[in-house]
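Novice: Numbering (the numbering used here), first residue to last: 200 to 606.
1) Between which residues of its own chain and residue 518 is the CB-CB distance below 8 Å, once the five residues before and five after are set aside?
2) Is residue 341 helix, strand or coil when you go by DSSP?
3) Please determine, among 205, 273, 260 and 457, the residue with the shortest C-alpha to C-alpha distance to residue 333.
4) When you compare the CB positions of residue 598 and residue 476, do they come within less than 7 Å of one another, or not?
5) If you check the beta carbons only, do residue 369 and residue 359 fall under 7 Å apart?
6) Just mark residue 298 as buried or exposed, buried being the case when its beta carbon has 16 or more other beta carbons within 10 Å.
7) Give me the Cα-Cα distance between residue 223 and residue 246, rounded to the nearest whole angstrom.
8) Comparing C-alpha positions only, which one of 534, 574, 307 and 253 sits nearest to residue 331?
9) Once you ignore the five residues that flank residue 218 on each side, which residues in its own chain have a CB closer than 7 Å to its CB?
10) With burial defined as no fewer than 16 other Cβ atoms inside 10 Å of the residue's Cβ, what is the status of residue 550: buried or exposed?
11) From the DSSP output, in three-state form, read off residue 329 for me.
12) With a CB to CB cut of under 6 Å and the five nearest residues on each side skipped, what residues in its chain are close to residue 456?
13) Under 8 Å by Cβ, that's how I've got residue 355 and residue 308 pegged, so tell me the actual separation to the nearest angstrom.
14) Quick check: residue 439 and residue 561, are their CB atoms within less than 7 Å of each other?
15) Apart from the five residues just before and just after residue 351, which ones in its own chain have a Cβ nearer than 6 Å to its Cβ?
16) Please go through the same chain and pick out, in chain order, the residues whose beta-carbon is closer than 6 Å to the beta-carbon of residue 362, but skip the five residues on each side of it.
17) Tell me which residues share the same chain as residue 564 and place their Cβ nearer than 8 Å to its Cβ, disregarding the 5 neighbours each side in the sequence.
18) When the Cα atoms are used, what is the spatial distance from residue 322 to residue 554?
19) Please say whether residue 504 and residue 529 have beta carbons closer to each other than 7 Å?
20) Do residue 318 and the ligand ATP come close, with the Cβ less than 6 Å from some heavy atom?
21) In three-state DSSP terms, what is residue 253?
22) Tell me the rounded alpha-carbon separation between residue 571 and residue 288.
23) Which of the three DSSP states is assigned to residue 321 in this structure?
24) Compute the Euclidean distance between the alpha carbons of residue 485 and residue 603, then round it to the nearest angstrom.
25) What does a CB cutoff of less than 6 Å around residue 258 pick up in its chain, not counting 5 residues either side in sequence?
26) Following the continuous alpha helix (DSSP H) through residue 202, name the residue where it begins and the one where it ends.
27) Check whether the stretch 566-581 and the stretch 415-431 touch, using three or more Cβ-Cβ pairs below 8 Å as the test.
28) Could one say the Cβ of residue 590 lies closer than 7 Å to chain C's Cβ atoms, at least one of them?
29) Once DSSP output is grouped into helix, strand and coil, what is the label at residue 371?
30) Quick check on residue 577: does DSSP put it in helix, strand or coil?
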């Protein structure tokens with residue numbers, strides 16, 4: 200079993216890194232492509248919004264597939280859906296169709312759902328004392344793709360010129376190939392399937408004739424009967440929403456103060472570093488000191504980060520650098536710890552149902568926060584946005600305390 204677990208984690212580290220490239224390579228150009236196709240800057244953010252909605256839908260749907268067919272089939276389907284979405288983004292640029300672009304964005308969201316779900320696949324066969332570390336190593340692998348993807352924008356433009364499509368679609372063309380490669384890697388290497396093996400060991404074989412709606416009912420039952428799981432779901436959703444709402448508005452806050460694009464990009468890179476680079480250390484702490492302790496620490500770090508962001512002047516400042524970095528670290532602590540609580544405390548027969556539904560809730564909460572962020576900054580300012588996000592961080596802190604109480 201230990202050998203299968205090691206093989207599983209190694210396989211997921213590679214697929215996570217490659218899959219993250221496929222997701223992020225088009226991030227830098229998605230809004231620009233939407234603007235060019237629609238002819239309106241107000242519609243530029245629609246591509247990202249539809250991708251987040253696609254992530255939420257795919258998280259729930261793929262969880263149902265995984266319960267019946269295993270992680271391998273679910274992950275491969277998600278990567279292939281993302282590849283199809285990337286192809287549609289290229290087609291949208293060629294035929295100048297916003298509808299096609301938004302459909303592609305929805306399918307691309309499946310890749311984000313797969314990358315989120317991969318962290319749980321690392322826990323199926325992990326022992327409790329090493330579960331957080333296994334999960335966190337897979338989260339860490341996202342760093343590779345998150346850093347490499349946006350830096351391939353120039354290569355994407357060259358590829359686009361060589362195949363005769365609009366330059367802004369080149370990143371999506373590369374992304375489609377990369378995601379197919381990730382699907383092939385998982386199909387080849389993720390054997391035996393860790394979830395099916397865990398179900399077999401526990402004697403919890405899935406029922407293919409299960410009626411619709413049972414997945415949601417299982418989630419409700421687990422959250423009701425295991426309060427720590429409910430608290431972890433809330434903590435993960437609130438931490439993600441707090442991070443997203445502030446992160447997406449920070450470039451605008453800096454630009455208003457005259458910050459150069461290079462500096463803004465560097466701040467976002469520092470933020471991404473905080474999100475992923477230290478996750479193995481966070482996982483070690485969660486195994487060593489307990490999930491609840493790390494979850495509470497995540498809430499505290501988020502509050503400190505948001506105080507720094509709220510006090511930062513427009514433009515470039517040490518407060519915005521430190522705030523965005525700590526925002527990433529706080530997110531990492533909350534996400535790794537909460538995800539591990541869900542993996543620890545959820546019965547095997549409901550594992551994918553709870554994991555998929557919690558990831559759906561995380562995406563929908565972030566989408567709602569992102570939609571409010573622009574309104575808050577536009578009418579009240581960036582410091583008020585940081586105060587709003589601090590309320591979400593406070594919820595993370597409370598959820599961490601409840602998790603400790605019900606440990």
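A virtual CB, placed ideally from N, CA and C, is assigned to each residue, including glycine.
Since the structure is predicted, the reported quantities are computational estimates derived from the model, not experimental observations.
Specialist: So, to answer that:
1) Start at 1 with the first residue of the chain shown, and residue 518 comes out as number 319. Answer for residue 518: 507, 508, 510, 511 and 512, listed in chain order.
2) Locating residue 341 in the chain shown gives position 142, counting from the first residue. In the structure shown, the three-state DSSP call for residue 341 is helix.
3) For this step, residue 333 is matched to residue 134 along the chain shown. That would be 205, whose Cα lies nearest to the Cα of residue 333.
4) To locate residue 598, count along the chain shown from 1; it is residue 399. To locate residue 476, count along the chain shown from 1; it is residue 277. In this structure, residue 598 keeps its C-beta atom at 7 Å or more from the C-beta atom of residue 476.
5) Taking the chain shown and counting its residues from 1, the one referred to as residue 369 is at position 170. Taking the chain shown and counting its residues from 1, the one referred to as residue 359 is at position 160. Taking the C-beta atoms as reference points, residue 359 is found nearer than 7 Å to residue 369.
6) For this step, residue 298 is matched to residue 99 along the chain shown. Exposed is the call here.
7) As a first step, residue 223 is located in the chain shown; it is residue number 24 there, counting from the start. As a first step, residue 246 is located in the chain shown; it is residue number 47 there, counting from the start. CA-CA distance, residue 223 to residue 246, rounds to 13 Å.
8) Translated into positions along the chain shown, residue 331 becomes position 132. For the residues 534, 574, 307 and 253, the minimum Cα distance to residue 331 belongs to 534.
9) One-based indexing of the chain shown puts residue 218 at position 19. If we look at residue 218 and ignore the five residues flanking it on each side, its Cβ neighbours are 278, 310, 313, 314, 344, 378 and 381.
10) Position 351 of the chain shown, counting from 1, holds the residue named residue 550. Buried is the label assigned to residue 550, since at least 16 other Cβ atoms lie within 10 Å of its Cβ.
11) Here residue 329 refers to the residue found at position 130 when the chain shown is read from its first residue. Note: residue 329 maps to helix in three-state DSSP.
12) Your numbering for residue 456 matches position 257 in the chain shown. These residues qualify, in order along the chain: 513 and 514.
13) For the purposes of this step, residue 355 is taken as the residue at position 156 of the chain shown. For the purposes of this step, residue 308 is taken as the residue at position 109 of the chain shown. So it is not a contact: roughly 20 Å between Cβ atoms.
14) Along the chain shown, one-based indexing puts residue 439 at 240. Along the chain shown, one-based indexing puts residue 561 at 362. Contact: yes.
15) Along the chain shown, one-based indexing puts residue 351 at 152. Excluding sequence neighbours, residue 351 sits near 224.
16) Along the chain shown, one-based indexing puts residue 362 at 163. If we look at residue 362 and ignore the five residues flanking it on each side, it has no Cβ neighbours.
17) In the chain shown, counting from the first residue as 1, residue 564 sits at position 365. Within the same chain, residue 564 has close Cβ partners 436, 437, 439 and 440.
18) Numbered from 1 along the chain shown, position 123 holds the residue referred to as residue 322. Numbered from 1 along the chain shown, position 355 holds the residue referred to as residue 554. Near 12 Å, if we compare the C-alpha coordinates of residue 554 and residue 322.
19) Reading the chain shown from its first residue, position 330 is the one you call residue 529. Reading the chain shown from its first residue, position 305 is the one you call residue 504. Yes.
20) As for the ligand ATP, it is missing from this structure, which has no ligand bound.
21) Looking up residue 253 in the chain shown gives position 54. Reduced to three states, the DSSP call for residue 253 is helix.
22) As a position in the chain shown, residue 571 is number 372, starting the count at 1. As a position in the chain shown, residue 288 is number 89, starting the count at 1. Their backbone Cα atoms lie some 27 Å apart in a straight line.
23) Along the chain shown, one-based indexing puts residue 321 at 122. The answer is coil: DSSP assigns residue 321 none of H, G, I, E or B.
24) Translated into the one-based positions of the chain shown, residue 485 becomes position 286. Translated into the one-based positions of the chain shown, residue 603 becomes position 404. Straight-line Cα distance between these residues: approximately 12 Å.
25) Taking the first residue of the chain shown as position 1, residue 258 is located at position 59. Taken in chain order, the residues that qualify are 312, 555, 558 and 559.
26) Start at 1 with the first residue of the chain shown, and residue 202 comes out as number 3. Its alpha helix (DSSP H) spans residues 201-223.
27) no
28) Here there is only one protein chain, and chain C is not present.
29) Counting from one through the chain shown, the residue named residue 371 turns up at place 172. Residue 371 falls in the helix class under three-state DSSP.
30) Walking along the chain shown from the start, residue 577 turns up at place 378. Collapsing the DSSP output to three states places residue 577 in a helix.
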